[in-house]
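Report on the structure given below.
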Amino acid sequence: MMDNPIIYEKVDWEILTNKQLGPKIKKIIENIPSDVQSIIDIGCGNGVITNELAKKYKVLGVDRSKSALQYVTSEKLEASCDNIPLPSQNFDMVFSSELLEHLPNEIFQKTIQEFKRISKKYIYITVPNRENPDKLMIRCPECKYIFNRPNHLRSFKSEDFTVLFPEYKKIAEFTFGKPVRYYHPALLRLKRRWIPSISWIPYFWIDQNNRTAICPQCNHKFYYFYKFHPLGFLIDGINVIISPKRPYWLMVLLEKNS
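Numbering (our numbering), first residue to last: 1143 to 1400.
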């Protein structure tokens, strides 16, 4: 979910499919507690996960995008994640996948409160695992604004959920997905300082069919090229040596304290 509604409505929702997320969806469903009957999926996007959950549970998909919700086959509601017009403690479980990393501070804090308000018992969240958002920074060729290509504004680690949800206890936690290499912050600062923006993101990190971006500042849509730079290549090589790979997703299941 992106803070800029214009950009969010321009997302190509047909790109994200069940085939791509099949193993993740299976892992999510395997860990849903046996006493859950009703689920609200907040920030459901095109419903690729929501629609699978609805085969077994009573599910409501919530998203602010009309274009995304047209793909949701369960019950659905157009609403922002920080202001959901539903009664408190209305669902056994609040579920949210790949939402929180997109939210600016004020909306983020209000969204966390909405999760707590709506949940009867459980909150189940998936986010990128210890991601460094600076890794995918690009510069808009139109207005020169620097931003994270997938519009990720924050990073999460396991301990963050204990702080964010002190009223809950962690009953399950696991990492999952393709291992992705972390990028050392100091090396990223060197890249940003010493090499041109067209060489910031290494060629091999990004699918050549997926190199389009929309600037959140001016809404300019563009295709960004990669140009080899010897210093950038050297920095990338050093990072490969010193930085570990981690499974891409962090999944956390929380239960309200009795």
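Using N, Cα and C, we set each Cβ at its ideal position, and we do this for glycine too.
Same chain, Cβ closer than 6 Å to residue i, neighbours up to 5 away in sequence not counted
i	result
Phe-1289	Pro-1358
Glu-1217	Leu-1202
Asp-1378	Pro-1344
Leu-1329	Ile-1377 and Asn-1381
Ile-1267	Ser-1238 and Val-1394
Arg-1259	Ser-1230
Cys-1223	Ile-1184, Gly-1185 and Thr-1253
Lys-1169	Phe-1318
Rounded straight-line distance, which links the Cα of residue j to that of residue i
i	j	result
Asn-1097	Leu-1376	The first residue shown for the chain is 1143 and the last is 1400, placing residue 1097 beyond what the model contains.
Asp-1205	Ile-1184	6 Å
Lys-1277	Phe-1364	19 Å
Trp-1336	Thr-1304	38 Å
Ala-1314	Tyr-1368	40 Å
Phe-1307	Thr-1317	19 Å
Thr-1253	Lys-1200	22 Å
Gly-1374	Arg-1272	23 Å
Val-1214	Gly-1189	5 Å
Trp-1342	Arg-1334	7 Å
Lys-1299	Ser-1261	22 Å
His-1371	Leu-1295	27 Å
Glu-1256	Glu-1194	23 Å
Ser-1207	Leu-1241	13 Å
Met-1143	Phe-1233	Its pLDDT being 45, under 50, Met-1143 is placed unreliably in this model, and the value from its coordinates should be taken loosely. Distance between the alpha carbons of Met-1143 and Phe-1233 is about 22 Å.
Gly-1164	Val-1236	21 Å
Asp-1302	Val-1178	25 Å
Leu-1228	Lys-1312	25 Å
Pro-1246	Ile-1383	33 Å
Leu-1219	Asn-1293	24 Å
Tyr-1325	Lys-1166	24 Å
Pro-1338	Tyr-1366	13 Å
Proximity to residue i [Cα-Cα], best of the options
i	options	result
Gln-1162	Ser-1180, Ser-1230, Ile-1191 and Ile-1171	Ile-1191
Lys-1320	Ile-1384, Arg-1388 and Val-1214	Arg-1388
Ala-1221	Ser-1230, Leu-1211 and Thr-1215	Leu-1211
Ser-1176	Pro-1327, Asn-1188, Phe-1250 and Lys-1263	Lys-1263
Arg-1323	Leu-1241, Ser-1385, Lys-1258 and His-1294	Ser-1385
Lys-1198	Ser-1180, Asn-1293, Thr-1354 and Gly-1164	Ser-1180
Asn-1225	Asp-1234, Gln-1251, Ile-1383 and Met-1235	Gln-1251
Arg-1353	Ser-1400, Asn-1399, Arg-1291 and Ile-1383	Arg-1291
Ile-1340	Ile-1383, Asp-1302 and Ile-1280	Ile-1280
Asn-1399	Ile-1265, Pro-1338 and Asn-1293	Ile-1265
Ser-1209	Ala-1196, Pro-1227 and Gly-1187	Gly-1187
Tyr-1287	Cys-1360, Lys-1312, Pro-1246 and Asp-1234	Cys-1360
Contact belief for residue i with residue j at Cβ below 8 Å, rounded distance in angstroms
i	j	result
Tyr-1310	Glu-1243	Contact doesn't hold; Cβ gap of about 20 Å is too wide.
Val-1269	Leu-1392	6 Å
Residue span of the beta strand (DSSP E) that contains residue i, given as start and end
i	result
Ser-1385	Note, Ser-1385: premise wrong, no beta strand (DSSP E); not H, not E.
Pro-1321	1310–1323
Arg-1281	1279–1281
Ala-1355	1354–1356
Cβ shell of residue i (< 8 Å), same chain only, five flanking positions each side left out
i	result
Leu-1332	Ile-1377
His-1362	Cys-1282, Pro-1283, Glu-1284, Cys-1285 and Ile-1356
Ser-1297	Glu-1243, Pro-1270, Arg-1272, Glu-1273, Asn-1274 and Pro-1275
Pro-1327	Asn-1274 and Asp-1276
Ile-1171	Glu-1194, Leu-1195 and Lys-1198
Ile-1249	Asp-1145, Ser-1222, Cys-1223 and Asp-1224
Limits of the unbroken alpha helix (DSSP H) element including residue i
i	result
Phe-1254	First, the amino acid is wrong: residue 1254 is Ile here, not Phe. Residues 1247–1260.
Asn-1232	Note, Asn-1232: premise wrong, no alpha helix (DSSP H); not H, not E.
Ser-1300	1300–1306
Asn-1193	1192–1195
Ala-1328	1327–1336
Leu-1211	1208–1211
Sequence-distant residues of its chain with Cβ nearer than 7 Å to residue i (five each side left out)
i	result
Tyr-1390	Pro-1270, Asn-1271, Gly-1319, Lys-1320 and Val-1322
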